[in-house]
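**Student:**
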Amino acid sequence: MRSDPVLDLAFAALGDPVRRALVTRLAQGEATVGELGEPFDLTPQAISHHVGVLRRCGLVEQRREGTRRPCRLRVDRLAQLSTWIDEQRRAWDDRLDALETHLADPEATR
């Protein structure tokens, strides 16, 4: 089974509750690192670190606007994760349906 490094990095990044909260906030719209850090009892450096992890895995991008550096969610990358999850769900649904059919067949259980 082949691993996809893009998916691996993104899922690893989302394993942290702070980063998931940042993604949730960015789903509402752009924000600076300072704005992202407001609801947390974390240092600006800690928030910057979390944003950096999300940037490196491709889920967030930052750009310069004068002195501001707003962050924005890369919805296309999030969609890749969603597609992978949907494929896994379909595969497991198919397996469970086949198992249910097998167990319901009285000839198969003898």
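Reading the sequence shown from the start, the letters are residues 2 to 111 in my numbering. Virtual Cβ for every residue (Gly too), placed ideally from N, Cα, C. Keep in mind it's a predicted model, so treat the numbers as computed, not measured.
So does the region 65-77 actually touch the region 88-95, counting three or more Cβ pairs closer than 8 Å?
**Tutor:** In short, these stretches do not touch, since the Cβ pair count stays below three.
**Student:** Residue 24: which of 52, 97, 3 sits nearest, CA to CA?
**Tutor:** Nearest of 52, 97, 3 to residue 24, Cα basis: 52.
**Student:** Report the option in 6, 7, 62, 84 whose CA atom is closest to the CA atom of residue 30.
**Tutor:** Of the candidates 6, 7, 62, 84, the one whose C-alpha sits nearest the C-alpha of residue 30 is 62.
**Student:** Could you check how far apart the C-beta atoms of residue 67 and residue 11 are, in whole angstroms? I think they sit under 8 Å.
**Tutor:** Wrong, their Cβ atoms sit about 30 Å apart, outside the cutoff.
**Student:** So, is residue 13 buried or exposed, given that buried needs 16 or more other C-beta atoms within 10 angstroms?
**Tutor:** Exposed, because fewer than 16 other Cβ atoms sit within 10 Å of the Cβ of residue 13.
**Student:** Taking the alpha-carbon positions, what's the residue 19 to residue 27 distance?
**Tutor:** Computed Cα separation, rounded: 12 Å.
**Student:** Can you name, in chain order, every residue of its own chain whose Cβ lies under 7 Å from the Cβ of residue 48, other than the five neighbours on each side?
**Tutor:** Contacts found: 34, 37, 38, 41.
**Student:** Considering residue 74, what are the terminal residues of the beta strand (DSSP E) in which it resides?
**Tutor:** From DSSP, the beta strand (DSSP E) with residue 74 extends over 72-74.
**Student:** If we ignore side chains and look at the alpha-carbon of each, how far apart do residue 43 and residue 50 end up?
**Tutor:** About 11 Å.
**Student:** Just to check my reading of the structure: residue 32 and residue 71 have Cβ atoms closer than 8 Å, yes? What is that Cβ distance to the nearest angstrom?
**Tutor:** Rounded, the Cβ-Cβ distance is 7 Å, consistent with contact.
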